[in-house]
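Undergrad: Questions regarding the structure given below will be posed in turn.
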Amino acid sequence: MSKSPIIEFKDFTFRYSSQLEPTLKNINLKIYEGEKVLILGPSGCGKSTLANCINGLIPFSYPGEIQGSCKIAGNETSHSSIFSLSSVVGTVLQDSDAQFVGLSVGGDIAYALENDNMPREEMLPRVLKSATLVGMQEFLEHVPYNLSGGQKQRVSLAGIMHEHVKILLFDEPLAALDPQMGNQAIDLIDKIQKNNNCTVIIIEHRLEDVLYRPVDRIILLEDGQIVADMSPNQLLCSNIIVEKGIREPLYLQALKMAGCNVTIDDNPCNVFEINLDKYKDQLISYYSNVDTNKPLEEKKVVLKVKNVDYSYDDNKALDNVSFSINKGDKIAVIGKNGAGKSTMAKIICGILRPDKGEVYLENVNYLNYSIKELGQKIGYVMQNPNQMLVKDIIKDEVSLGLVLNNKSEDEIEKNIKEALTKCDLWSMRNWPVSVVSYGQKKRVTIASILAMNPEIIILDEPTAGQDYRVYTEIMSFLEKLNKDFGITILFITHDMHLAIEYTDRAIVFSDGKCIGDDSVFKILSDNDIIERANLKQTSLYSLATRLKINPESFIESFIVSERRKRHEKF
Amino acid sequence: MKKESFGKILLGKWDTKTIVGVAIGIALFGVLMVYGSITVFTNTNLSLAMIVPVIVGGLFGPLPAALACGVGNILADLIGGWGFWIDWAIGNAVLGFIVGSLKLYGANIDEGVFDVKHMVIYAVLAVLGNVIAFGVVTPIATHLIQGGELKITIAQGWVAAASNATVLLVAGIPILKALAARNARGTNLTKE
Amino acid sequence: MKNFNIINLTKGKTFIHQLSGTTKVRLFAALMVYVMMSFDLPIILPLFIFSIIGLISLKPSWKTIRPIIFFVVFLNVLNIILYWLADPHCGFEYTADKTVLFAYTNYLVVTRGTLWFLLVRLLKMLTAFSTSLVFIMSITPSELAAGLTSLGFTYKLGSIVEIAFRYIPDISRDYENIAISMQCRGLELDAKKTKAIERLKQMVIILIPLIITSFDRVGNISNAMDLRGFGKGKKRSYYSEYPERRNDKIFKLIYCLIALFCAYYIISGLITPRVPKMWIYWRCL
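Residue numbers (the working numbering), protein chains in the order written: chain A, 20 to 589; chain B, 398 to 589; chain C, -1 to 283.
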């Protein structure tokens, strides 16, 4: 099979009209027909801009200055139109809610055909064919609101799978999916590429999850430039990913921590295929020698949930849920969408009150408190900081809650100074909210909750959609809050990495029931819970099974030594 | 940055972004009709939905604002089960156009331009727009389309105008100020 | 999600549901002209009866629409009373009848003519309401878009309507979430505890993030549309718009006849101003 480049960038530079510096600098890149390429890089490295150059949004929707050439299927994009490009390049955007423009599954799959003014009779068989390809044929009549993120993404994929498409472009396909769905998505992309023999480009920063299925080539971008263009095995054996702020796969981290020097010949890009013979003894001896004993400390119970039931109309959202939270805990609340996590959070905040059962806050039945009073004891930080930010100046935002609660001026001054200092924002207190980064915005919202001096903070997906650098920034900040100030933190999340690295205990929800409440390593080695909660086995588990050692103790040892190592660094 | 001509701003740029912007405006209008209504006495609502055309106007121009306000009103009426009142929709469209003309007098929410001068013009237009829309246009339209008692329609129009103007002033100005401030480019960014 | 469930996003099963969007929109447009053009009882009453039959045939969830119906009837009755209070003789112009039925004061009198006028007016308003209700409950937003196009509007208008309906639930979910987080921070949303103007100011706190996040989506959505060829041609087809079937053809005949009749009625009324005939029926009773 002779291969010709289907995408060819030559000395390509692009600058947005609104910016002074070019976002892409001197890109030289060839992608061949039938290749599967991963474009990797931290936020702001230019990977989305690169994608927009391929699908024609640049220069069609984003005006700017182009130097050099970018050819897609032989045509120069700057002379082409977005319509002719979009019939060759199919793009699945990161935000599946925005991409789902149709009002039903069938309507959305047909969207491009509608714009072609294709008669309905011709549309129907094509829609059915595309839907079958992604396994959504049973859902044609469904409306977007009842679909999961993964299903919406399948619909998006079906919507671009029309006959002329040669290139499939996925912009951060994993960002909004829970772990199991992420695997399914990667699997589906792989299957479609094999069946249709098209070129696939995946833009992601979650390396390990993409490598669940093989990739031909990885291109690493930094500051608008290509810094690596190599095979996955080559990349994983170099130090470049760690240097560039990309998260290393967990199993490789485990190997490296044990002092194993993995080489390309070991095929390190997949935990099931990596050659472990050389390292087996080294791994086992390292991890069996980790001291996992922790001093037992008496902890005070701050929150106790007892046999709580809650129903929306006729749907039971919580079914006899009980757990308790100790002062200073870091807890992950996990489970798939609709499992009851957010209902539980609303119950704890007092927005909803249990139909049955009790909630005690420091041994006081919390029905004694109004929402307003509870708000000062339990803080809730939303996933998207933009949904919380009201004021334009950081200081005003942080004082908003106190002002609403009619606190005295002295108290407000004192509290915001304390909160801003804890969050390292005091020196920026007079800055406008609009100029700070995402991670800093998140910190502002956390500071605005901290200013009320709550006992417990609940964070909803604190790192969703963020790259490793921002993730680390947010999480190490939260870890510091917990350690230095003893603040109890509940993370609502489906990020397994977060649970492993930063929490001690996990409470798992499924269908409104609390199906697990134990140490993170115990939860993660319990197959039954993992399956019911739509989680996936971490590669540590797979590694342990391959080594034929007990996953539970292996994961525990890993967690302990990983934390020790991290804390040494700081 | 090129200065757009007056006529261009007046007509608006009807690209996909504007279409989606108007649509989101209408959706927001509908949501605020349901959630954002504050009952003063039985039949008079202070509805925050009236803010929507101002924002759409600030972002996309007066004609998109008129469309968002007019169609938003029709859809909100239909969803709310109020029936179909073309006369009120026309009045709303006129109001949307007038209060959505921020760009015409130089306010630019997108780039953080909304100072005292703009605030005054906005306040005058908010009152004037309501008087024209519900004090004049809607009663005339009602009379032409439905026939009937002019006096009452005018009275209803005035009540609507008064409550809309209240919303546009009491809630509108702080919102515009806040949005402009949020979009303003920071200048003096030194850590203290 | 309260109050939005009156709109169907997927096609229903009953007779009216099964008509095409084009048929429903054209019929509705013709009927709106029909009901607005006159005060003639023989014109209004049949439509009122048909719209009630139509409503029942949709097999609606009465639990959802009952409060709406009560509210609208109440509001219209209130309106009628206001009309009467403003001018107790407002029906005279139409009925030429001043016979006094009740007199409270010299000013507040109930005349036969005015009572008749006001009742017909009430019926007219309720007919417009029930017809709209049948329309909105029987149509899906995509059908509405297709129907608007068939009336000669640019498909971009239809798209605006479609996208608006698509994102109403998303935005209302955002509203609820923002309201919750603000309540936790101490915002008082209880209507009983705050005055109207105060509440207005408090709502601003919810509105600012809501507006920002709502319009934040615009870029992503329009990119998604551009990438799938939105605006490519002068015309657009609709996946959810059924091709014309037998019943659509029957209704095509019906709405054409209604449109013709309306045209005749309005034009002839313009040429020779129609004597308000309401009183004639009144005399006949």
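By construction, the Cβ of each residue, glycine as well, lies at the ideal position given by its N, Cα and C atoms. All figures in this text were calculated on a predicted structure; none of them were measured in a lab.
Assign P40 of chain C to buried or exposed, taking buried as 16 or more other Cβ atoms, counted over all protein chains shown, within 10 Å of its Cβ.
TA: Residue numbering aside, residue 40 of chain C sits at position 42 when the third sequence is read from its first letter. It is exposed - the Cβ of P40 of chain C has fewer than 16 other Cβ atoms within 10 Å.
Undergrad: Could you check the C-alpha separation between V340 of chain A and D333 of chain A for me, to the nearest Å?
TA: Working through the first sequence from its first residue, we reach residue 340 of chain A at position 321. Working through the first sequence from its first residue, we reach residue 333 of chain A at position 314. Spanning the two alpha carbons is a distance of roughly 18 Å.
Undergrad: Does the beta carbon of P82 of chain A come closer than 8 Å to any beta carbon on chain B?
TA: Your numbering for residue 82 of chain A matches position 63 in the first sequence. P82 of chain A does not count as touching chain B.
Undergrad: Look at the alpha carbon of V284 of chain C and the alpha carbon of I477 of chain A, and state the distance between them as a whole number of angstroms.
TA: Nothing in the structure corresponds to residue 284 of chain C, since chain C is present only between -1 and 283.
Undergrad: What would DSSP say about S23 of chain A, mapped onto helix, strand or coil?
TA: Here residue 23 of chain A is taken as the residue at index 4 of the first sequence, counted from 1. S23 of chain A falls in the coil class under three-state DSSP.
Undergrad: Taking CB distances under 8 Å as the criterion, tell me whether V539 of chain A reaches chain B.
TA: Locating residue 539 of chain A in the first sequence gives position 520, where the first residue counts as 1. Judged by the 8 Å Cβ criterion, V539 of chain A is not in contact with chain B.
Undergrad: Please compile the residues from chain B whose C-beta is within a distance smaller than 7 Å of the C-beta of A261 of chain C.
TA: Here residue 261 of chain C refers to the residue found at position 263 of the third sequence. Per Cβ cutoff of 7 Å: no residues; A261 of chain C is ~16 Å from chain B at best.
Undergrad: Going along the stretch 123 to 149 of chain C in order, which residues come within less than 8 Å of chain A, judged by CB to CB distance?
TA: From the stretch 123 to 149 of chain C, only T138, P139, S140 have a Cβ closer than 8 Å to chain A.
Undergrad: With 9 Å as the C-beta to C-beta threshold (strictly closer), list the residues of the stretch 381 to 415 of chain A near chain B in chain order.
TA: Answer in chain order: L408, V409, K410, D411, I412.
Undergrad: Cα separation between N252 of chain A and S561 of chain A?
TA: Locating residue 252 of chain A in the first sequence gives position 233, where the first residue counts as 1. Locating residue 561 of chain A in the first sequence gives position 542, where the first residue counts as 1. Rounded to whole angstroms, N252 of chain A to S561 of chain A spans 19 Å at the Cα level.
Undergrad: Just how far apart, CA to CA, sit T596 of chain A and E27 of chain A?
TA: Shown here, chain A extends from 20 to 589; a query on residue 596 of chain A therefore has no answer.
Undergrad: Kindly list the residues whose CB is nearer than 6 Å to the CB of I220 of chain A, restricted to its own chain and excluding five residues on each side of it in sequence; keep chain order.
TA: Stepping through the first sequence from its first residue, residue 220 of chain A is reached at position 201. Closer than 6 Å at Cβ, skipping near neighbours: V56, L188.
Undergrad: Listed from N- to C-terminal order along the chain, which residues in the stretch 226 to 253 of chain C have their beta-carbon within a distance smaller than 7 Å of any beta-carbon of chain B?
TA: The stretch 226 to 253 of chain C vs chain B, Cβ under 7 Å: F228, G229.
Undergrad: Helix, strand or coil: how does DSSP classify T68 of chain A here?
TA: On the first sequence, residue 68 of chain A is found 49 positions in, with the first residue counted as 1. In this structure, T68 of chain A counts as helix in the three-state DSSP scheme.
Undergrad: Using a C-beta to C-beta distance shorter than 8 Å, which residues of chain A count as neighbours of I5 of chain C?
TA: One-based indexing of the third sequence puts residue 5 of chain C at position 7. Within chain A, no residue comes near I5 of chain C; the closest Cβ sits about 10 Å away, beyond 8 Å.
Undergrad: Taking any Cβ of chain B, which residues in the stretch 451 to 464 of chain A have a Cβ under 8 Å from it, in chain order?
TA: Of all residues in the stretch 451 to 464 of chain A, P451, V452, S453, V454 have a Cβ within less than 8 Å of some Cβ in chain B.
Undergrad: Going by CA-CA distance only, name the one from C:Y236, C:R243, C:I269, C:C260 that's closest to E141 of chain C.
TA: To locate residue 141 of chain C, count along the third sequence from 1; it is residue 143. That would be C:Y236, whose Cα lies nearest to the Cα of E141 of chain C.
Undergrad: Name, please, each residue of chain C whose Cβ falls closer than 7 Å to the Cβ of A424 of chain B.
TA: Within the second sequence, numbered from 1, the residue matching residue 424 of chain B stands at position 27. By Cβ distance, chain C contributes A162, Y165, I166, I169.
Undergrad: When the Cα atoms are used, what is the spatial distance from E186 of chain C to I204 of chain C?
TA: On the third sequence, position 188 is the one that residue 186 of chain C refers to. On the third sequence, position 206 is the one that residue 204 of chain C refers to. Rounded to the nearest angstrom, the two C-alpha atoms are 11 Å apart.
Undergrad: Count the CB pairs spanning the stretch 191 to 204 of chain C and the stretch 566 to 577 of chain B that are closer than 8 Å, and state whether there are at least three.
TA: These segments touch.
Undergrad: What residues from chain C crowd round P571 of chain B, counting only those whose CB sits closer than 8 Å?
TA: The count along the second sequence starts at 1 and reaches residue 571 of chain B at position 174. The answer, in chain order, is K199, V202.
Undergrad: Could you tell me the boundaries of the beta strand (DSSP E) in which C89 of chain A lies?
TA: For the purposes of this step, residue 89 of chain A is taken as residue 70 along the first sequence, with counting starting at 1. Its beta strand (DSSP E) spans residues 83 to 91.
Undergrad: Please name the residue in A:K325, A:V290, A:M276 whose C-alpha comes closest to that of I303 of chain A.
TA: For this step, residue 303 of chain A is matched to residue 284 along the first sequence. Of A:K325, A:V290, A:M276, the residue nearest in Cα terms is A:M276.
Undergrad: With DSSP run on the structure shown, which of helix, strand or coil describes T439 of chain B?
TA: Walking along the second sequence from the start, residue 439 of chain B turns up at place 42. Annotation note: pLDDT 48 at T439 of chain B (below 50); position unreliable, coordinate value reported separately. In the structure shown, T439 of chain B sits in coil (DSSP, three-state: anything other than H, G, I, E or B).
Undergrad: With 8 Å as the threshold, decide whether the Cβ of M223 of chain C is near any Cβ in chain B.
TA: To locate residue 223 of chain C, count along the third sequence from 1; it is residue 225. Taking Cβ atoms only, chain B reaches closer than 8 Å to M223 of chain C, which makes this a yes.
Undergrad: With DSSP collapsed to three states, give me the class of T413 of chain B.
TA: Along the second sequence, read from residue 1 onward, the residue named residue 413 of chain B stands at position 16. Three-state result, T413 of chain B: helix.
Undergrad: So W485 of chain B and T535 of chain B are supposed to be a Cβ contact under 8 Å. How far apart are they, rounded?
TA: One-based indexing of the second sequence puts residue 485 of chain B at position 88. One-based indexing of the second sequence puts residue 535 of chain B at position 138. Sure, about 6 Å apart at Cβ, within 8 Å.
Undergrad: Buried or exposed for L83 of chain C, please, with buried defined as at least 16 other CB atoms from any protein chain shown within 10 angstroms of its CB.
TA: Locating residue 83 of chain C in the third sequence gives position 85, where the first residue counts as 1. The residue is exposed, with fewer than 16 neighbouring Cβ atoms inside 10 Å.
Undergrad: May I have the straight-line CA-CA distance separating L146 of chain C from E133 of chain A, to the nearest angstrom?
TA: The count along the third sequence starts at 1 and reaches residue 146 of chain C at position 148. The count along the first sequence starts at 1 and reaches residue 133 of chain A at position 114. If you take the alpha carbons of L146 of chain C and E133 of chain A, they lie about 15 Å apart.
Undergrad: Could you confirm whether any beta carbon from chain C is found closer than 8 Å to the beta carbon of A446 of chain B?
TA: Translated into the one-based positions of the second sequence, residue 446 of chain B becomes position 49. So no, A446 of chain B is outside the interface.
Undergrad: Any beta carbon of chain C sitting closer than 8 Å to that of Y519 of chain B?
TA: Residue numbering aside, residue 519 of chain B sits at position 122 when the second sequence is read from its first letter. Chain C, which has no Cβ nearer than 8 Å to the Cβ of Y519 of chain B, makes this no.
Undergrad: Are V564 of chain B and I166 of chain C close, meaning C-beta to C-beta below 8 Å?
TA: Looking up residue 564 of chain B in the second sequence gives position 167. Looking up residue 166 of chain C in the third sequence gives position 168. Going by C-beta atoms, V564 of chain B is not nearer than 8 Å to I166 of chain C.
Undergrad: Using CA coordinates, which residue listed in C:M35, C:L25, C:M30, C:T20 is at the minimum distance from L268 of chain C?
TA: Taking the first residue of the third sequence as 1, we reach residue 268 of chain C at position 270. Looking at the Cα atoms, C:M35 is the closest of the given residues.
Undergrad: To the nearest angstrom, how far is it from the Cα of H513 of chain A to the Cα of I205 of chain A?
TA: The residue given as residue 513 of chain A occupies position 494 in the first sequence. The residue given as residue 205 of chain A occupies position 186 in the first sequence. In a straight line, the C-alpha of H513 of chain A is about 17 Å away from that of I205 of chain A.
Undergrad: For G19 of chain C, I'd like the list of residues in its chain whose CB is within less than 6 Å of its CB, leaving aside the five on either flank, ordered along the chain.
TA: Numbered from its first residue, the third sequence carries residue 19 of chain C at position 21. Within the same chain, G19 of chain C has close Cβ partners E141, A144, G145, E239.
Undergrad: What residues in the stretch 438 to 450 of chain A have a beta carbon less than 9 Å from any beta carbon of chain B?
TA: Against chain B - using a Cβ distance shorter than 9 Å - the residues of the stretch 438 to 450 of chain A are W445, S446, M447, R448, N449, W450.
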